[in-house]
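Working notes, structure below.
Numbering (full-length UniProt numbering), first residue to last: 1 to 71.
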């Protein structure tokens, strides 16, 4: 599973949800979907804007965690 570590970076850079949503041009509701891990996809343009706003790399935002496979 791909995780978006947005909350960690927002805390690190002291950026509120409303501030970031405004900076990257998405609604607070859509940002909340990203923050809560409910997003099924993210546009490269949105990813780029987040990286610009938080001065980070895509690898800082995204991580992979293997899901437990039950037999």
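Just so you know, even glycine gets a beta-carbon here, dropped at the ideal spot from N, CA and C. Just so you know, these numbers come straight off a predicted model, no measurement behind them.
Quick check: is any heavy atom of the ligand FMN less than 7 Å from the C-beta of residue i?
{"i": "residue 50", "result": "As far as ligands go, the structure on display features none, and thus does not contain the ligand FMN."}
Cα separation between residue i and residue j?
{"i": "residue 28", "j": "residue 67", "result": "29 Å"}
{"i": "residue 6", "j": "residue 69", "result": "26 Å"}
When we look at the beta-carbon of residue i and count the other beta-carbons within 10 Å, is it buried (16 or more) or exposed?
{"i": "residue 21", "result": "buried"}
{"i": "residue 4", "result": "buried"}
{"i": "residue 2", "result": "exposed"}
Of all the options the options, which has the alpha carbon lying nearest to the alpha carbon of residue i?
{"i": "residue 106", "options": "18, 16, 25 and 14", "result": "Here the chain has residues from 1 to 71 only, and residue 106 is not among them."}
{"i": "residue 49", "options": "23, 8 and 15", "result": "23"}
On the three-state DSSP scale, how would you describe residue i?
{"i": "residue 63", "result": "strand"}
{"i": "residue 42", "result": "coil"}
{"i": "residue 69", "result": "coil"}
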